[in-house]
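The structure under discussion appears below in the form of structure tokens.
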Amino acid sequence: MPTGALVGARTRRWADGLSDVSIAGDPLAFPHLARTDLPAHPTTVAGYARLVREIAADRARWEPLVRYDALTRWYARLETGPGYEVWLLSWLPGQSSGFHDHGESSGVMSVVKGELIERSLTLPQPSAGGTPSGALARTLRPGGQRVFSSGYLHEVVNGALEPAVSIHLYTPGLTEMNQYGATAVPEQHSEQQAPAGSH
Numbered sequence: 092m093p094t095g096a097l098v099g100a101r102t103r104r105w106a107d108g109l110s111d112v113s114i115a116g117d118p119l120a121f122p123h124l125a126r127t128d129l130p131a132h133p134t135t136v137a138g139y140a141r142l143v144r145e146i147a148a149d150r151a152r153w154e155p156l157v158r159y160d161a162l163t164r165w166y167a168r169l170e171t172g173p174g175y176e177v178w179l180l181s182w183l184p185g186q187s188s189g190f191h192d193h194g195e196s197s198g199v200m201s202v203v204k205g206e207l208i209e210r211s212l213t214l215p216q217p218s219a220g221g222t223p224s225g226a227l228a229r230t231l232r233p234g235g236q237r238v239f240s241s242g243y244l245h246e247v248v249n250g251a252l253e254p255a256v257s258i259h260l261y262t263p264g265l266t267e268m269n270q271y272g273a274t275a276v277p278e279q280h281s282e283q284q285a286p287a288g289s290h
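Here is the structure:
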């Protein structure tokens with residue numbers, strides 16, 4: 092095809108006056124095609140923290156789902172999105188996660204009922220002889236948040252006399268959880284832990 096004909100084909104208008112709207116219809120006439128109320132998926136730490144705050148504030152969404160198990164911590168997935176997942180966990184008095192990390196996942200956690208105690212450890216440098224270089228305990232109450240990066244090592248326990256409930260977001264979604272002994276020496280596990288052991 093000669094160049095001139097190609098240029099003419101690009102700039103040619105429909106002779107019958109049809110447009111996309113006249114062919115397919117006005118998308119605004121079909122509300123499900125023009126929704127603006129869909130939540131934007133978060134992609135930043137601030138966005139993940141905001142999402143956890145929004146879910147925590149929406150008690151009608153998560154409260155009917157809460158269950159307690161005397162033998163193990165109970166959990167349920169609340170939401171998934173591109174690159175993240177959100178979990179609801181319950182804790183009876185004395186229940187603990189044990190010291191663990193979340194593999195390559197970072198995250199945000201928030202207590203929505205009761206109190207939890209978090210003990211975090213700073214892993215030693217290889218030259219430090221294998222002893223944790225510091226330990227910190229903090230009480231987590233409703234309204235507060237903890238943000239953690241991949242490789243963060245901690246234990247969460249319900250040290251109170253009342254049940255507790257927490258919401259946890261992991262990004263990327265949790266596929267690995269490494270358990271550690273109380274002295275932060277890795278235990279030998281050949282298989283990966285399921286999200287059931289999360290936090």
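Note that my numbering gives residue 113 to position 22 of the sequence shown, counting from 1, and the numbers run on in steps of one.
Don't be surprised by glycine CBs; every beta carbon is placed ideally from N, CA and C.
Just so we're clear, the structure is a prediction, and the values are computed from it rather than from any experiment.
### Query
Is there contact here, the stretch 227–241 with the stretch 175–182, by at least three beta-carbon pairs under 8 Å?
no
### Task
Excluding the 5 residues preceding and the 5 following V136 in the sequence, name in chain order all residues of the same chain whose CB lies nearer than 7 Å to its CB.
V238
### Message
Taking 8 Å as the threshold (C-beta atoms), are G198 and Y271 in contact?
### Response
no
### Message
Which of the three DSSP states is assigned to E209 in this structure?
### Response
strand
### Message
For I258, list the residues DSSP reports as bridge partners.
### Response
L179 and S201
#### Entry: Proximity below 8 Å, CB of A148 to CB of L156
no
### Query
Over what stretch of residues does the alpha helix (DSSP H) that includes E145 continue unbroken?
V136 to A148
#### Entry: Length of the line joining the Cα atoms of L212 and V143
24 Å
#### Entry: Own chain residues within Cβ distance below 6 Å of G264, not counting five before or after
E176
### Message
Closest to R210 by C-alpha separation, out of K204, H191, H259 and S201, would be which residue?
### Response
H191
### Task
Consider the Cβ of E176: report whether some Cβ of chain B lies at a distance smaller than 8 Å.
Chain labels in this structure do not include chain B; a single protein chain is all it has.
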